[in-house]
């Protein structure tokens, strides 16, 4: 898996990102072949609008951080095109047979997705190798730990230090996550799998990133921020923030 990751970065080193039009993002979402379970999520997640706001460009090398079953990996891969690459980092602790099958199918359909299964606690990437990074409903997990899933407690500052080094000057990091209440961040994440957006902003600023945009695209009025995101009353329709960070340079 790590060899695939390195090869993906090397193959795209000379690619020059190109400007995109809103219709290009929509086309990446509507191209035939995506799994039915992913298509069912599109209305609530608005992926074309999110990627348009964040500024993903054709030809980029993009990282889908803690990519789950590859929902965004596939869309980004279809968008960046043959001259671009997408690395789907799925920590090995999160990979079961179903996830592996879903990711393998995405690789087969796209041809420009590399699966990286470095452990949750030890992700690394070559310096100045990434144009674009997306944490979709995943950044809060840097504050989470679990004996059941063999997830050790880590310091998010260490993860962001590694990320900052891996992103090219001028590169973009997008964070989409469930809005959580203020309070002890680890306790909130452990109980609700939500995070206070102000915590995320502060984390990235301390790491050296600039906040260059914030979008209300996925804000949902009336969401009870004290509910677990997996509660049937709110699952799939939580209040979510979108933050756009840039590495200076």
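Numbering (mature numbering (1 follows the signal peptide of the UniProt record, and there is no 0)), first residue to last: -20 to -1, 1 to 229.
Just so you know, even glycine gets a beta-carbon here, dropped at the ideal spot from N, CA and C.
Asked, Found
"Coil, strand or helix - residue 79 by DSSP", "helix"
"Whole runs of the alpha helix (DSSP H) within the segment 151 to 212, excluding any shorter than 4 residues", "165 to 172, 177 to 187"
"Status (buried if at least 16 other CB within 10 Å, exposed otherwise) for residue -9", "At residue -9 the pLDDT is 44, less than 50, meaning the model places this residue with poor confidence; the figure from the coordinates comes in the next sentence. By the 10 Å Cβ count, residue -9 comes out buried."
"Assumed close pair residue 160, residue 147 - CB separation to whole angstroms, cut-off 8 Å", "Contact doesn't hold; Cβ gap of about 25 Å is too wide."
"Which listed residue (52, 100, 228, 38) has its alpha carbon closest to that of residue 70", "100"
"Residue nearest to residue 208 in terms of C-alpha spacing, selected from 120, 141, 229", "120"
"Which residues DSSP lists as bridging residue 124, in chain order", "In DSSP, residue 124 forms no bridge with anything."
"Nearest candidate by alpha-carbon position, reference residue 180, set 190, 171, 172", "190"
"Assigned secondary structure, residue 59 (DSSP; H/G/I helix, E/B strand, else coil)", "helix"
"Cβ separation of residue 45 and residue 113, assumed to be a contact under 8 Å, to the nearest whole Å", "6 Å"
"Classification of residue 59 by the beta-carbon crowding that lies within 10 angstroms, buried from 16 upward", "buried"
"Proximity winner among 32, 172, 200, relative to residue 218 (alpha-carbon distances)", "200"
"For residue 134, three-class secondary structure by DSSP", "coil"
"Beta-carbon proximity list for residue 221, same chain, < 6 Å, skipping 5 on both sides", "159, 177"
"Residue 50 classed as buried or exposed, judged by whether at least 16 other C-beta atoms fall within 10 angstroms", "buried"
"Residues near residue 75 by beta carbon distance below 7 Å, same chain, minus five either side", "97"
"Continuous alpha helix (DSSP H) stretch holding residue 3: start and end", "2 to 10"
"DSSP beta-bridge partners of residue 115", "45, 155"
"Classification of residue 171 by the beta-carbon crowding that lies within 10 angstroms, buried from 16 upward", "exposed"
"N- and C-terminal bounds of the beta strand (DSSP E) containing residue 68", "65 to 69"
"Own chain, CB closer than 8 Å to residue 26, minus 5 neighbours either side, in chain order", "197, 198"
"Coil, strand or helix - residue 27 by DSSP", "helix"
"C-alpha distance - residue 137 paired with residue 229, whole-angstrom precision", "21 Å"
"For residue 34, the three-state DSSP class (helix, strand or coil)", "helix"
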